[in-house]
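Novice:
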Amino acid sequence: MVGFANAMEVFSLLDRSNCRRCGEKTCMAFAGAVYRGIKPISACPGLDPATCARYGTEKSPPPEGDDTLLAALLDQVGRLDPVETAARTGGTVVGNRIVLKVLGKDFGIDADGNFTTDIHVNNWVVVPFLTYLVQCRGDQPAGEWIAYREIAGGRERYPLFRKRCEEVMKQVADTWPDLFDDIVHLFSGERLPVQFDADISVVLKPLPKVPVMICYWKPADGMASSLNVFFDAAVDRCLDAGAVFNLGTGMARMFEVLALRHGIILPAA
Ligand code: SF4
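Under my numbering, the first residue of the sequence shown carries the number 988, and numbering increases by one thereafter.
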């Protein structure tokens, strides 16, 4: 069976009639539900058996690493000194928990691996969060921006990062005019003055010492739009390239889900 890189891949298989026989209001909503593993693709009666068999009940791909990685990270975090860890990572200690600001919201963990948070917990957030607690050396951000491919170990992964992070965010931005205002509002972000001649530049903080800048160039004069994601030049002192990959692709997936919830009809890939 084959997995899906994003909801657009599911959507491209559908007839886009919005007939509602799957129980969803639109084919796009159904595509999002399949991608998130909430519905099997076979719930659309318009698909032929061969397509259903090919994609089966596959869910979205897991973040890099697997349950073994998650278990190892939880074990390492459980043995950290909360006070030292909070000071090093820019967090706080609340009761028996280490609490960090993740996209402006509190995200905490105790020594037994129990999470407390105002945002949805999934592996796309959890793996970078735990990796950050273990790997962050305590350095402040350098104040310079670099692309993913410039991070140690990022060059080889960049084509996939481009596809799963930057292309997905660009599709959402092309279709949702208020995207950047909304994410700045929802996630305590900041609009920046012009960066790299981009039309829009925003900074979000998915982790306290890991600022992420998203630059968007609108389509103009026959040129297609463009979107690039930049990380602080000191990001490799907080996260390895795999964790940065998960962070970027997780944010892209979150924007996609937000667009679907807002009833934004995203174009086919
Ligand atoms: S049943 Fe299939 S074609 Fe109809 S709305 Fe659902 S996904 Fe679209």
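Ideal placement from N, C-alpha and C gives every residue a C-beta, glycine not left out. From a predicted model like this one, the values you see are computed outputs, not experimental measurements.
So what's Arg1003 in DSSP terms, helix, strand or just coil?
Specialist: Residue state, collapsed to three classes: coil.
Novice: With respect to 7 Å, is the separation between the Cβ of Gly1065 and the closest non-hydrogen atom of the ligand SF4 below this value?
Specialist: no
Novice: Indicate, with yes or no, if the ligand SF4 has a heavy atom lying under 7 Å from the CB of Phe953.
Specialist: Because the chain is modelled from 988 through 1256, residue 953 falls outside the range shown and cannot be assessed.
Novice: Could you tell me which whole alpha helix (DSSP H) segments of length 4 or greater appear in the stretch 1054–1128?
Specialist: 1054–1065, 1069–1076, 1110–1122
Novice: Nearer than 7 Å: is that true of the beta carbon of Leu1191 relative to any heavy atom of the ligand MG?
Specialist: Summarising the ligand content, the structure contains the ligand SF4 and does not contain the ligand MG.
Novice: What are the start and end residues of the alpha helix (DSSP H) that includes Met1156?
Specialist: 1154–1162
Novice: Sorry if obvious, but does the Cβ on Leu1000 come closer than 7 Å to a heavy atom of the ligand SF4?
Specialist: no
Novice: Which same chain residues, not among the five before or five after Ala1239, have their C-beta less than 7 Å away from its C-beta?
Specialist: Arg1151, Cys1152, Val1155, Met1156
Novice: Taking C-alpha atoms, which residue in Val1086, Val1199, Phe1232 lies nearest to Val1216?
Specialist: Selected option, being the one with the closest Cα: Val1199.
Novice: Applying the criterion that 16 or more other CB atoms from any shown protein chain within 10 Å of the CB defines a buried residue, is Met1210 buried or exposed?
Specialist: exposed
Novice: Which residues share a DSSP beta bridge with Met1210?
Specialist: Ala1207
Novice: I want to check one thing, is the minimum distance from the CB of Pro1027 to the heavy atoms of the ligand SF4 below 7 Å?
Specialist: no
Novice: Does Ser1175 come out as helix, strand or coil in the three-state DSSP assignment?
Specialist: coil
Novice: So is Gln1158 buried or exposed if we call it buried at 16+ other beta carbons inside 10 Å?
Specialist: buried
Novice: Taking only the alpha-carbon atoms, compute the straight-line gap between Phe998 and Ala1018 and give it to the nearest angstrom.
Specialist: 5 Å
Novice: Using only the heavy atoms of the ligand SF4, determine whether one of them is closer than 7 Å to the beta carbon of Gly1033.
Specialist: yes
Novice: My output table needs one value for Ala1246: the three-state DSSP class, helix, strand or coil.
Specialist: Ala1246 sits in a helix when the DSSP states are folded into three classes.
Novice: Going along the chain, which residues of its own chain have a beta-carbon closer than 7 Å to the beta-carbon of Cys1039, five neighbours each way excluded?
Specialist: Ile1028, Ser1029
Novice: In the DSSP assignment, find the alpha helix (DSSP H) that holds Val1021 and state where it starts and stops.
Specialist: 1014–1022
Novice: Keeping to the same chain, check which residues put their C-beta closer than 7 Å to that of Pro1128; ignore five residues upstream and five downstream.
Specialist: Lys1196, Pro1198, Asp1219, Ala1221
Novice: At the level of alpha carbons, what is the spacing between Leu1173 and Leu1191?
Specialist: 10 Å
Novice: Quick one: residues in its chain with C-beta nearer than 6 Å to the C-beta of Cys1014, no 5 flanking neighbours on either side, listed in chain order?
Specialist: Leu1001, Arg1003, Asn1005
Novice: Measuring straight from C-alpha to C-alpha, what distance separates Asp1169 and Val1244?
Specialist: 13 Å
Novice: Do you know offhand how far Pro1146's Cα is from Ser1213's?
Specialist: 15 Å
Novice: Is Thr1072 near the ligand SF4, judged by its Cβ being under 7 Å from some heavy atom?
Specialist: Flag unset: Cβ of Thr1072 not near the ligand SF4.
Novice: May I ask which residues mark the beginning and end of the beta strand (DSSP E) holding Pro1193?
Specialist: 1187–1194
Novice: In the DSSP output, what is Cys976 paired with across the bridge?
Specialist: Summary: the structure shown does not reach residue 976, with the chain confined to residues 988 through 1256, and so no result is reported for it.
Novice: By Cβ distance below 7 Å, which residues in the same chain neighbour Gly1069 in space, the five residues on each side in sequence not counted?
Specialist: At residue 1069 the sequence reads Pro, which differs from the Gly that was named. If we look at Pro1069 and ignore the five residues flanking it on each side, its Cβ neighbours are Val1080, Ile1085.
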